[in-house]
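Okay, structure first, notes after.
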Amino acid sequence: MKDIKVQLQKKVYKALNKIAGDNEILSENVIVENPPKPELGDIAFPMFPYAKVLKKSPASIAVLISDILSSDDNVNTYKPEGPYVNIRLGRENITKQTFSDVEEKKGSYGFNTSRQNEKIMVEFSCPNTNKPLHLGHLRNDSIGESISKILAFNGAVVSKVNLINDRGVHICKSMLAYREFGGGTTPESEKIKSDHFVGKYYVEFDKWLKKNPEADKMARDMLLAWEKGDPEVRELWTKMNKWTVDGIEETYRKTGVSFDRIYYESQTYTAGRDEILKGLEKGVFYKDENNTVWVDLSDINLDKKVLLRGDGTSLYLTQDIGTAIARHNDWPFNTLIYVVASEQQYHFKVLFHILGKLGYEWADKLYHLSYGMVNLPEGRMKSREGTVVDADDLIAELTELAAAEIKNKEREEQVGNIDTTSEKIALGALNYFLLSAAPTKDMIFNPAESLSFNGNTGPYLQYMGARISSILRKYGNTEGLKNADLSLLSLDDEWEIIKLIHIFPEIVEEAGQELNPSLLASYIYDLAKKFSKYYHDYPVLNNGNKSLVAARAALCSAVRQVFENCFSLIGIPYLDAM
RNA sequence: GCGUCCAUAGCUCAGCUGGAUAGAGCAUCGCCCUUCUAAGGCGAGGGUCAGAGGUUCGAAUCCUCUUGGACGUACCA
192 MKDIKVQLQK KVYKALNKIA GDNEILSENV IVENPPKPEL GDIAFPMFPY
242 AKVLKKSPAS IAVLISDILS SDDNVNTYKP EGPYVNIRLG RENITKQTFS
292 DVEEKKGSYG FNTSRQNEKI MVEFSCPNTN KPLHLGHLRN DSIGESISKI
342 LAFNGAVVSK VNLINDRGVH ICKSMLAYRE FGGGTTPESE KIKSDHFVGK
392 YYVEFDKWLK KNPEADKMAR DMLLAWEKGD PEVRELWTKM NKWTVDGIEE
442 TYRKTGVSFD RIYYESQTYT AGRDEILKGL EKGVFYKDEN NTVWVDLSDI
492 NLDKKVLLRG DGTSLYLTQD IGTAIARHND WPFNTLIYVV ASEQQYHFKV
542 LFHILGKLGY EWADKLYHLS YGMVNLPEGR MKSREGTVVD ADDLIAELTE
592 LAAAEIKNKE REEQVGNIDT TSEKIALGAL NYFLLSAAPT KDMIFNPAES
642 LSFNGNTGPY LQYMGARISS ILRKYGNTEG LKNADLSLLS LDDEWEIIKL
692 IHIFPEIVEE AGQELNPSLL ASYIYDLAKK FSKYYHDYPV LNNGNKSLVA
742 ARAALCSAVR QVFENCFSLI GIPYLDAM
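The working numbering applies: residue 192 is where the first sequence begins, and numbers increase by one.
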């Protein structure tokens with residue numbers, strides 16, 4: 192559709208100049224747009240901008256341009272409508288081309304090469320090992336996974352990386368509380384998912400701290416002991432970290448999240464130190480009387496920032512500098528995208544700037560994909576007030592609701608395995624919900640409403656997919672569909688659907704450019720809605736005309752393929768029955 | 001204080017680089033299961049696009065200010 196628009200732009204440009212004669216030269220950048228309603232045509236050119244130069248009314252220009260263009264084109268039709276030239280495209284070629292494209296590419300329909308030869312690293316998730324994942328992590332994971340898939344579908348080579356924050360005072364707090372109150376219990380003995388088991392002691396620590404202010408200092412001491420390699424502390428640390436990581440990995444498996452490489456903070460946290468010292472030698476940084484190393488950021492209108500403490504220990508920022516450099520060595524990327532919440536914008540601004548100062552020419556290829564917070568109707572989630580929405584609980588709840596719905600509709604038999612189907616519905620609901628809002632925006636999770644499966648939701652999309660599958664199952668062998676007579680698809684409703692199928696690759700490209708999965712979410716919802724109305728109004732199988740049945744089945748088949756491909760990009764499992 | 005971002009229907013969100021009466025879902029109220037699964041379809045009501053200026057033939061969209069909010073501005077991560 193893009194190239195068609197460009198061609199038409201050129202034609203309109205030429206026609207405009209024909210009217211202008213040699214008086215005026217017009218900008219080649221002719222404005223194109225989509226008409227607000229399908230009845231108005233497929234593509235529109237507003238004529239307002241040329242009124243002044245041509246000394247004619249927009250409406251009369253529209254008439255002239257339409258005439259000129261019509262005389263030279265027997266494929267598309269041009270119609271002046273008020274100040275607009277509205278164009279109806281010849282449907283035959285586009286339809287034929289679109290269908291054969293889908294038929295040929297199948298699972299890779301939508302794939303394009305706009306990001307070919309790019310190596311893109313995507314960092315996301317980055318959990319702490321003191322507690323299980325919550326809803327905020329789920330948004331991070333959804334975005335990270337989706338963006339990675341989208342970029343790969345744009346031809347890039349993508350490497351997904353995770354950085355597990357397994358070091359620091361937070362894990363020491365859980366460790367202390369466990370040592371104090373755990374009494375040698377284990378996740379197995381208590382039959383609690385292992386990350387939740389550890390999280391329980393993190394909460395326990397907070398309670399303890401209220402009665403015993405000493406606890407804070409004890410945690411810091413434990414961290415020091417850890418850094419010194421105290422064997423007892425290390426042993427406990429290893430054990431508890433494993434519990435958490437095992438539990439988190441189980442959640443990853445359930446939500447379809449995976450990584451090409453996992454970094455552990457405990458292994459990388461010292462890596463930045465040498466870089467800072469090198470920078471100090473080069474005079475990029477400076478040291479104060481306490482041996483603290485600083486960077487002056489007044490060149491980007493920011494304050495100064497500590498890079499190394501006086502005792503030589505490193506900070507979050509220090510570590511991230513080291514990690515970035517290590518990553519570039521491990522896998523020389525063209526771009527590194529950090530999927531991290533918006534609250535860390537300042538951090539990344541500073542990080543990128545410092546890497547630039549250190550002379551890494553790839554510093555300007557680092558990008559912070561800053562996504563908004565997930566809030567509750569009452570406001571921010573607060574662990575202290577126990578309002579944090581736990582990831583596993585949420586998924587379990589959604590799964591139960593889906594299972595109840597299946598039973599309620601008496602679909603057990605058709606669905607087959609209720610457990611796996613319910614899980615897929617839960618996942619579809621969750622990912623669609625999290626990805627349908629633009630990443631940059633904060634969003635509100637209203638438990639009551641967000642658990643619904645009706646309306647603009649993942650399950651609605653899955654349901655449409657299941658209906659298409661059902662129709663195609665009833666149709667039988669779909670092999671012959673490539674020979675279907677597509678000219679029978681003459682309804683406007685069919686044309687609207689075909690156009691949507693046609694532009695799918697363009698939407699994929701745009702979503703990649705803008706790093707915005709929500710474009711795909713609203714695209715597929717649009718397609719689902721149009722298809723839903725279409726098959727409701729026009730029988731695919733029971734219309735009494737064998738050729739028409741084949742043509743419509745072919746349309747179903749193409750829509751199904753786009754569903755599958757688009758679904759996979761935004762983490763919605765495709766279901767053949769539900 | 002300073003910086004970044006945000007403000008569209010009662011609620012949750014769309015609205016592309018400015019363009020034709022501002023769109024969905026939820027909620028409310030009607031209608032539709034003897035035809036491919038009603039997790040569905042159709043219809044109704046509901047908007048001074050926070051407010052005020054400006055640029056433009058034309059602004060929800062761009063610029064300025066005001067108001068209201070989020071986040072940040074730690075030798076936390």
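Think of the CB as a built atom: it goes at the ideal place given N, C-alpha and C, for glycine as much as any other residue.
Remember, it's a predicted structure, so these values are computed and weren't measured experimentally.
Sequence-distant partners of V436 (beyond 5 residues in either direction) whose C-beta falls short of 7 angstroms from its own C-beta, in its chain, are T320 and I355. Cβ contact annotation for F302 (same chain, cutoff 6 angstroms, sequence separation greater than five): F344, in chain order. With respect to the 8 angstroms criterion, A741 and A675 are classified as neighbours on the basis of their beta carbons.
The residue from S257, D555 and N284 with its alpha-carbon nearest to that of V276 is S257.
C-alpha of I528 to C-alpha of K673: approximately 41 angstroms in a straight line.
Note on T376: under 16 other CB atoms within 10 angstroms of its CB, so exposed under the neighbour-count rule. Boundaries cannot be given for S305, as no beta strand (DSSP E) includes it and DSSP labels it neither H nor E.
Taking C-beta atoms as the reference points, S613 and A594 count as a pair closer than 8 angstroms. Taking 4 residues as the minimum length, the alpha helix (DSSP H) runs contained wholly in the segment 441 to 470 are 456 to 459, in order along the chain. In this structure, P568 sits away from I334, with a CB-CB distance that is not shorter than 8 angstroms. In chain order, I355 and D357 place their CB closer than 7 angstroms to the CB of Y455, counting only its own chain and leaving out the 5 sequence neighbours on each side. With 16 or more neighbouring CB atoms inside 10 Å of its own CB, K340 falls in the buried class. With a cut-off of 8 angstroms on Cβ pairs, the segment 644 to 656 is in contact with the segment 583 to 600, counting three or more such pairs. Residues A410, M413 and L414 of the same chain have their beta carbon placed closer than 6 angstroms to that of C363, with the five preceding and five following residues left out of the count.
Of the residues assessed, S380 falls on the exposed side of the cut-off, its CB having fewer than 16 other CB atoms within 10 angstroms. Counting along the chain, the unbroken alpha helix (DSSP H) around P650 starts and ends at G649 to Y666. Between L329 and L560, the gap from beta carbon to beta carbon reaches 8 angstroms or more.
Pairing I453 with L324 gives a Cβ-Cβ distance that is not under 8 angstroms. G671 sits in a helix when the DSSP states are folded into three classes. In this chain, the beta strand (DSSP E) harbouring V348 covers V348 to I355.
Just so you know, the alpha carbons of P523 and T578 end up roughly 41 angstroms apart. In summary, N520 is exposed, with fewer than 16 beta-carbon neighbours lying within 10 Å of its beta-carbon over all protein chains present. Straight-line spacing of the CA atoms in Q307 and S723 works out to 35 angstroms. Put simply, of N734, L691 and G281 the residue whose alpha carbon is nearest the alpha carbon of Y714 is L691. Here K351 has V313, S339, F450 and D451 as same chain residues with Cβ atoms under 6 angstroms from its own Cβ, once five neighbours each way along the sequence are excluded.
From the listed residues K382, P764, V750 and A582, the smallest Cα separation to D332 is found for A582. Here Y558 really is in contact with T526; their C-beta atoms are around 6 angstroms apart, less than 8 angstroms. Residue range L557 to Y562 is occupied by the beta strand (DSSP E) that includes S561, with no alpha helix (DSSP H) assigned at that position.
In this structure, A768 places its C-beta atom within 8 angstroms of the C-beta atom of V606. Ranked by Cα distance from K665, the first of F543, R743, L367 and R500 is R743. Here A517 is actually not in contact with L546; their C-beta atoms are around 12 angstroms apart, not less than 8 angstroms. For the pair L718 and K419, the Cα-to-Cα distance works out to about 59 angstroms. Counting the other Cβ atoms within 10 Å of the Cβ of H693 gives 16 or more, which makes it buried. Proximity of the segment 456 to 473 to the segment 498 to 516 meets the contact definition, three or more beta-carbon pairs being nearer than 8 angstroms. In this structure the segment 193 to 201 lies against the segment 219 to 237, because at least three pairs of beta carbons, one per stretch, are closer than 8 angstroms. If you compare the alpha carbons of K297, E596 and N220 with that of S748, the shortest gap goes to K297.
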